[in-house]
Amino acid sequence: MSHSETRASHIVIVGSGFTGMVCALDLLKAGYRVTLLEAGLEPGGLTCGQNFGDFTWDRFYHCILTSDAALLSLLDELGLSNKLRWTATEVGFFSHGKLYKLTSPLDLLHFPLLSLLDKLRLGLGTLYISHLSNGKVLEDIPLGPWTQRIFGKKVYTEMWEPLFRCKLGEMRHSASAAFLWGTIRRLYSTRENGPQKQEKLGYVAGGYTTVFKKLYDSITARGGEIMTSTPVTSVASLPSGSGQSGRVRITSGNKQSDCDGVIITAPNRAILGFLQTDDVTYTENLSRVQYLGLICVVLILRKPLSEFYVTNITEESPFTGVIEMTNLISTMDETAGHHLVYLPRYTQFDDPLFSADEDSVWATFEPALKRMHPGLEDADISRRFVFRERSVQPVPTLGYSRIAPPAATPLAGVYVANTAQIINNTLNNNAMTEIAHASARRLMQDIPPTLAATASSSQADSVLVPRSEQQIAFAGGGRS
Numbered sequence: 018m019s020h021s022e023t024r025a026s027h028i029v030i031v032g033s034g035f036t037g038m039v040c041a042l043d044l045l046k047a048g049y050r051v052t053l054l055e056a057g058l059e060p061g062g063l064t065c066g067q068n069f070g071d072f073t074w075d076r077f078y079h080c081i082l083t084s085d086a087a088l089l090s091l092l093d094e095l096g097l098s099n100k101l102r103w104t105a106t107e108v109g110f111f112s113h114g115k116l117y118k119l120t121s122p123l124d125l126l127h128f129p130l131l132s133l134l135d136k137l138r139l140g141l142g143t144l145y146i147s148h149l150s151n152g153k154v155l156e157d158i159p160l161g162p163w164t165q166r167i168f169g170k171k172v173y174t175e176m177w178e179p180l181f182r183c184k185l186g187e188m189r190h191s192a193s194a195a196f197l198w199g200t201i202r203r204l205y206s207t208r209e210n211g212p213q214k215q216e217k218l219g220y221v222a223g224g225y226t227t228v229f230k231k232l233y234d235s236i237t238a239r240g241g242e243i244m245t246s247t248p249v250t251s252v253a254s255l256p257s258g259s260g261q262s263g264r265v266r267i268t269s270g271n272k273q274s275d276c277d278g279v280i281i282t283a284p285n286r287a288i289l290g291f292l293q294t295d296d297v298t299y300t301e302n303l304s305r306v307q308y309l310g311l312i313c314v315v316l317i318l319r320k321p322l323s324e325f326y327v328t329n330i331t332e333e334s335p336f337t338g339v340i341e342m343t344n345l346i347s348t349m350d351e352t353a354g355h356h357l358v359y360l361p362r363y364t365q366f367d368d369p370l371f372s373a374d375e376d377s378v379w380a381t382f383e384p385a386l387k388r389m390h391p392g393l394e395d396a397d398i399s400r401r402f403v404f405r406e407r408s409v410q411p412v413p414t415l416g417y418s419r420i421a422p423p424a425a426t427p428l429a430g431v432y433v434a435n436t437a438q439i440i441n442n443t444l445n446n447n448a449m450t451e452i453a454h455a456s457a458r459r460l461m462q463d464i465p466p467t468l469a470a471t472a473s474s475s476q477a478d479s480v481l482v483p484r485s486e487q488q489i490a491f492a493g494g495g496r497s
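Following my numbering, the numbering of the sequence shown begins with 18 at its first residue and continues without gaps.
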């Protein structure tokens, strides 16, 4: 083999969720060879689709904001701009046993649980936070005391503290003020100008299954490969004396493959299990990131619950809120006339409901939902599902940016793109699009798209490869 011959640098991406797919597309466009390794049966991760019987929609709830520039640009690149749908949505609050509309300033004016002075303070405080340009200065300020200083004791006690309890549980005591800043900044960007200031949210027709099919087609058309049912058990740099210096070895079960670089999209807990590094500071920081898990009951109903897309809950509840998806998406076009409701419970890793059977989870949720909506009968529920993930939302603890993993790891050629890199923001696919782009760019700085070809590199790359006949199944969409 001539020394002048070159080959495409081979990059392996651990995880074929949304972030991994975006990383893969970026690298393939730049001329790299890419293989995605997925532990599960199908791509998708937290953004995968789910067959609900008469229709397919997202397993977990998602929406798109008008300010989601990176995500909207990606959808345009995929040719999906014409599939975007936008809806003006309503927001509800359930407090002291009653359901209130709280979408516009006019709704706030009529909200009976706060005095006029408290309402003014709530409005001005929200406006103030939405215009703070830098959340980093809030990272070392505890969430609760800061919120009370901004809004006053009454507003904090009636609204914010119960919401923090629902959304963060006991972790609210270790969260920073940047959590509220990120939440308000993101949601405030959905409001249109004008006296009503209605929220306008978007979705892609067909849900994220539509997006994943387009990503899959774009990746495979460029020669990218996806291996499902391939859990990674080790990622290690090859020693300098091995003849493979600068390369990375991936292990899955009893199979190994050497490649030129790796991007890991798994959560920190998984990385700690397979990344072979002696850097104690790095691993300690990975372990210090605290995640909230998600237990989500999904109901397929024969009638709507309310007019609200989101109902926030300011009293003790087994679930964080009510997401009535069909107040955003079209029942006629998307859900075969059914009404789709998500009941999320953000909770800690060791919550007993993670191991409880589905009937027990529903028995925990049902009384609270029927208290909110006493007109809901058992006959109104067509089907119900329970979905669970243990590592979903990183908690922005005090000084979070100092422990968030950088794109580059201590191992040469190994990079990370995961939710723990969301700083001063809430979990959303626009942030993950930006993180995927950033990690791909960081890899490109170190590893060129082409390298000198050697017999050893070609042979090593062929050890762990996808079967040519392997097909990828998407929920409700058959095989692609």
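C-beta atoms are modelled at their ideal positions from N, C-alpha and C, and glycine is treated no differently.
Starting from residue i, trace the alpha helix (DSSP H) in both directions and tell me its first and last residue.
i, result
"Lys-272", "Segment 272-276 is the beta strand (DSSP E) holding Lys-272; no alpha helix (DSSP H) there."
"Gln-135", "Residue identity check: residue 135 is Asp in the sequence provided, not Gln. Per DSSP, Asp-135 belongs to the alpha helix (DSSP H) from 133-147."
"Ser-456", "446-463"
"Thr-36", "35-46"
"Lys-184", "178-185"
"Leu-292", "It is not in any alpha helix (DSSP H) - Leu-292 carries neither H nor E in the DSSP assignment."
Considering only their Cβ atoms, is the gap separating residue j from residue i smaller than 7 Å?
i, j, result
"Gly-66", "Gly-224", "yes"
"Thr-343", "Leu-428", "no"
"Leu-309", "Gln-410", "yes"
"Asp-11", "Lys-272", "Here the chain has residues from 18 to 497 only, and residue 11 is not among them."
"Asn-441", "Gly-161", "no"
"Thr-106", "Leu-180", "no"
"Ile-236", "Ala-453", "no"
"Leu-318", "His-356", "yes"
"Ile-28", "Gly-37", "no"
"Phe-382", "Val-315", "no"
"Phe-77", "Met-449", "no"
"Tyr-432", "Ser-456", "yes"
"Ser-269", "Val-252", "no"
"Phe-229", "Gly-61", "yes"
"Leu-91", "Val-108", "no"
"Arg-138", "Phe-168", "yes"
Helix, strand or coil, according to DSSP, for residue i in the structure here?
i, result
"Asp-234", "helix"
"Val-306", "coil"
"Leu-92", "helix"
"Gly-109", "strand"
"Ile-280", "strand"
"Tyr-78", "coil"
"Val-265", "strand"
"Leu-415", "coil"
"Leu-468", "strand"
"Asn-210", "Its pLDDT being 48, under 50, Asn-210 is placed unreliably by the model, and nothing is read from it."
"His-127", "coil"
"Ile-28", "strand"
"Ala-424", "coil"
"Ser-347", "coil"
"Pro-159", "strand"
"Ala-194", "coil"
"Thr-300", "helix"
"Thr-83", "coil"
"Thr-247", "coil"
"Thr-23", "strand"
"Thr-164", "helix"
"Thr-200", "helix"
"Ala-353", "coil"
"Asn-151", "coil"
"Pro-122", "helix"
"Glu-394", "coil"
"Gln-476", "Interpretation of Gln-476 is limited by its pLDDT of 49, a score under 50 that renders its predicted location unreliable; no figure is taken from the coordinates."
Can you tell me which residues form a DSSP beta bridge with residue i?
i, result
"Glu-242", "Thr-52"
"Gln-502", "Nothing can be reported for residue 502, as the shown portion of the chain is limited to 18 through 497."
"Leu-316", "Val-358, Arg-401"
"Tyr-220", "Arg-102"
"Gly-61", "Gly-34"
"Ala-253", "Arg-266"
"Thr-227", "Paired residues: none, contrary to the question."
"Lys-170", "Answer is none; Lys-170 lacks a bridge partner."
"Leu-116", "Phe-111"
"Ser-73", "Checking the sequence, you will find Thr at residue 73 rather than Ser. DSSP output for Thr-73 lists Asn-68 as bridge partner(s)."
Along the beta strand (DSSP E) that carries residue i, what are the first and last residues, could you check?
i, result
"Glu-341", "338-341"
"Tyr-432", "431-433"
"Gln-438", "Per DSSP, Gln-438 belongs to no beta strand (DSSP E) and is neither H nor E."
"Asn-329", "327-330"
"Gly-66", "66-68"
Length at least 4, wholly inside the region 357-391: the alpha helix (DSSP H) runs in chain order | 375-389
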